[in-house]
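Visitor: When we follow this note's numbering, the leftmost residue of the sequence shown carries the number 10, and every step to the right adds one.
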Amino acid sequence: MVTVTGNKVSPPPATVDLAVGEKLTLTVTSDHADQLHIHGFEIEKDLVAGEPLSVTVTGDQPGVYEVETHHPELRLLKIAVK
Numbered sequence: 010m011v012t013v014t015g016n017k018v019s020p021p022p023a024t025v026d027l028a029v030g031e032k033l034t035l036t037v038t039s040d041h042a043d044q045l046h047i048h049g050f051e052i053e054k055d056l057v058a059g060e061p062l063s064v065t066v067t068g069d070q071p072g073v074y075e076v077e078t079h080h081p082e083l084r085l086l087k088i089a090v091k
């Protein structure tokens, strides 16, 4: 689970390794309305203040993909598909 409070991300941004075909469920909670963007997976979801949002992705293509918010722009983590 990742929590956004103001301009702070907890836990600090890290890289999560996935094998090709492996799934990852990410849960994000923010203290303000925002937008979650998962690069490479074409996922953009609205974050509602105080409500957890869960998104599941499957690592189909090898590469490193950033997960971020847009308001403000914060990197939450990277997904490394190997």
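Note that beta-carbon positions come from the ideal geometry of N, C-alpha and C, so glycine has one too.
Could you tell me which residues DSSP puts in a beta bridge with lysine 54?
Guide: For the purposes of this step, residue 54 is taken as the residue at position 45 of the sequence shown. DSSP, once it has assigned bridges, lists Leu45 as partnering lysine 54.
Visitor: Under a Cβ-count criterion, where at least 16 other Cβ atoms within 10 Å of its own Cβ denotes burial, should glycine 68 be classed as buried or exposed?
Guide: By one-based count along the sequence shown, residue 68 stands at place 59. Glycine 68 comes out buried.
Visitor: Could you have a look at valine 13 and say whether DSSP puts it in helix, strand or coil?
Guide: The residue labelled residue 13 in the question sits at position 4 within the sequence shown. Strand.
Visitor: Quick one: give me the first and last residue of the beta strand (DSSP E) that glycine 72 is part of.
Guide: Taking the sequence shown and counting its residues from 1, one reaches residue 72 at position 63. 72 to 79 is the span of the beta strand (DSSP E), which, as asked, contains glycine 72.
Visitor: Tell me which same chain residues have a C-beta within less than 6 Å of the C-beta of valine 73, skipping the five on either side of it?
Guide: The count along the sequence shown starts at 1 and reaches residue 73 at position 64. Counting only Cβ-Cβ distances below 6 Å, and skipping sequence neighbours, we find Lys87, Ala89.
Visitor: Kindly confirm or deny that the region 51 to 61 and the region 16 to 32 touch, where touching means at least three C-beta pairs closer than 8 Å.
Guide: Taking 8 Å as the limit for Cβ pairs, the verdict is that the region 16 to 32 does not touch the region 51 to 61.
Visitor: Please identify the residue among Asp26, Thr24, Asp43, Gln70 whose C-alpha is closest to the C-alpha of asparagine 16.
Guide: For the purposes of this step, residue 16 is taken as the residue at position 7 of the sequence shown. With distances taken between Cα atoms, asparagine 16 lies closest to Asp43.
Visitor: Is the separation between the beta-carbon of isoleucine 5 and that of valine 25 shorter than 8 Å?
Guide: The first residue shown for the chain is 10 and the last is 91, placing residue 5 beyond what the model contains.
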